[in-house]
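Here's the structure we're looking at; comments come further down.
In my numbering, the protein residues as written are -17 to 372.
Here you go:
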């Protein structure tokens, strides 16, 4: 762990106490039942988590990205699903805070900071995920309202939110297509339909939904920033924080899996001694621990750069790529170290194994991350020295 300041030490203690007292006793039961953790969400509201990155003038804590990353990591170590509730909500808050009009900030952020109103980000569609410009949801201006029609998939917080940041096309003819994309801030009303909760391998307990818009009306005043055609930039800016969040989640799950493996290997005996004394297990744990430490430091590096007020696309992409691949590797190795005990639901190791793949997909697949990283280096660091020039 890198050196934390006093605020971060206090924050980590707060999250750890919450996880130990409230989360760990119920996480496995709620996760296996795929039951929404309403009580835990209420506790997160009381602790101020939903206002973590929102400015103080709107009722938030205004913590930096590095502190937020530490919060997410510790929370994910207890139960990764809870961090999904936060990530989507604060992504939308960040978009409003950085790109919204002052009237929009005053209208939405104070309620979002308390968690009394939670937000969902509606980007992905059946035929458009990584390629955001390919979305088909349309918003046609009709008097003082936009009328939306379309369909969104894999929407976290879709059922329990009351605010929806909807990525849509306000100009279907413009070329290039991304210039026709806007973001509208919608609220629950006629025409917005949560049609189903989507069953998942992991990341259970928190809903992932399919949403349709059928002549759904959103006031013109809810156009994010007040201008059409800026939606693509809004989304890309928001995903920078989102990728740091996903990377932090991955480190949290990886740490939980690693700790479980270390503890189990010291208790489980074969051939007259703990399996931790067998070279094969020692090789695994050394590799797991090294990758987890490196992933943690990559996340903090990305968060620190974002806190400096400059773009951290490269660092966030690297952190997300490496941390998520590390998480999948460590969760798999932890299950193998546990043997049969790692495959059954008596222990949380199988949950870590099921949760890990989400991070290699969420906020942009790792395949697209590799492309983005390379393009960024070629464009901004043609000498190849991105370490010291960045």
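For each residue, glycine too, the CB sits at the ideal point set by N, CA and C.
Who are the near neighbours of residue i in its chain, counting only those whose CB is closer than 8 Å to its CB and skipping five residues on each side?
i           : result
residue -17 : Only weak support exists for where residue -17 lies, its pLDDT of 47 falling under 50; the value from the coordinates is given anyway. So the list reads 278, once near-sequence residues are dropped.
residue 355 : 296, 299, 300 and 303
residue 247 : 256, 257, 258, 263, 267 and 319
residue 190 : 136, 137, 138, 140, 179, 180 and 182
residue 108 : 133 and 135
residue 65  : 54, 57, 58, 227, 230, 231 and 234
residue 276 : 304 and 308
residue 85  : 203
Near residue i, which residues of its chain fall below 6 Å by C-beta distance, leaving aside the five closest residues on each side in sequence?
i           : result
residue 383 : Since the displayed the chain opens at -17 and closes at 372, residue 383 lies outside it and no answer follows.
residue 284 : 226, 294, 297, 298 and 301
residue 232 : 305, 306, 309 and 341
residue 324 : 317 and 331
residue 200 : 128, 166 and 168
residue 230 : 51, 54, 55 and 281
residue 126 : 202
residue 2   : none
Given a cut-off of 8 Å on the beta-carbon distance, is the pair residue i and residue j in contact?
i           : j           : result
residue 298 : residue 226 : yes
residue 351 : residue 303 : yes
residue 123 : residue 202 : yes
residue 217 : residue 341 : no
residue 70  : residue 34  : no
residue 220 : residue 73  : yes
residue 54  : residue 188 : no
residue 151 : residue 121 : yes
residue 24  : residue 186 : no
residue 289 : residue 38  : no
residue 118 : residue 52  : no
residue 32  : residue 95  : yes
By how many angstroms is the C-alpha of residue j removed from the C-alpha of residue i?
i           : j           : result
residue 292 : residue 366 : 20 Å
residue 183 : residue 92  : 35 Å
residue 370 : residue 274 : 24 Å
residue 172 : residue 139 : 18 Å
residue 21  : residue 4   : 9 Å
residue -7  : residue 249 : 32 Å
residue -3  : residue 157 : 47 Å
residue 196 : residue 243 : 49 Å
residue 30  : residue 43  : 7 Å
residue 11  : residue 330 : 10 Å
residue 252 : residue 261 : 13 Å
residue 269 : residue 311 : 10 Å
residue 0   : residue 60  : 9 Å
residue 339 : residue 62  : 12 Å
residue 83  : residue 106 : 25 Å
residue 322 : residue 56  : 27 Å
residue 207 : residue 357 : 29 Å
residue 89  : residue 81  : 14 Å
residue 116 : residue 18  : 32 Å
residue 272 : residue 265 : 11 Å
residue -14 : residue -5  : 12 Å
residue 245 : residue 212 : 50 Å
residue -12 : residue 7   : 28 Å
residue 16  : residue 327 : 14 Å
residue 28  : residue 215 : 33 Å
residue 286 : residue 254 : 48 Å
residue 205 : residue 241 : 46 Å
residue 159 : residue 361 : 23 Å
residue 114 : residue 9   : 34 Å
residue 174 : residue 198 : 6 Å
My assumption, with CB atoms under 8 Å, is that residue i sits in contact with residue j. Please give the rounded CB distance.
i           : j           : result
residue 137 : residue 193 : 5 Å
residue 104 : residue 142 : Their Cβ separation, rounded to whole angstroms, is 14 Å, which puts residue 104 and residue 142 out of contact at 8 Å.
residue 163 : residue 176 : About 23 Å; that fails the 8 Å criterion.
residue 26  : residue 97  : 7 Å
residue 87  : residue 50  : Their Cβ separation, rounded to whole angstroms, is 19 Å, which puts residue 87 and residue 50 out of contact at 8 Å.
Apart from the five residues just before and just after residue i, which ones in its own chain have a Cβ nearer than 7 Å to its Cβ?
i           : result
residue 334 : 235, 238, 239, 313 and 316
residue 112 : 346, 347 and 350
residue 76  : 35, 220 and 223
residue 99  : 93, 144 and 145
residue 154 : 120 and 162
residue 170 : 144
residue 337 : 62, 184, 185 and 235
residue 375 : Nothing can be reported for residue 375: it is not among the residues displayed for the chain, which extend from -17 to 372.
Should residue i be counted as a contact of the ligand COA given a C-beta to heavy atom distance under 7 Å?
i           : result
residue 252 : By its list of ligands, the structure shown contains no ligand whatsoever, and the ligand COA lies outside what it can speak to.
Can you find a CB in chain C that lies within less than 8 Å of the CB of residue i?
i           : result
residue 175 : In the displayed structure, chain C is absent; only one protein chain is listed.
Which runs of the beta strand (DSSP E) fall wholly inside the stretch 144 to 229 and span at least 3 residues, in chain order?
-> 145 to 151, 163 to 169, 174 to 179 and 190 to 201
In chain order, which alpha helix (DSSP H) runs of at least 4 residues are fully inside the stretch 81 to 157?
-> Listed in chain order, the complete alpha helix (DSSP H) runs (minimum 4 residues) inside the stretch 81 to 157 are 84 to 96.
Contained alpha helix (DSSP H) runs [length at least 4] in the stretch 11 to 55, N- to C-terminal order | 20 to 28
Tell me the start and end of each unbroken alpha helix (DSSP H) in the stretch 298 to 362 that is at least 4 residues and wholly inside, in chain order.
-> 331 to 343 and 348 to 362
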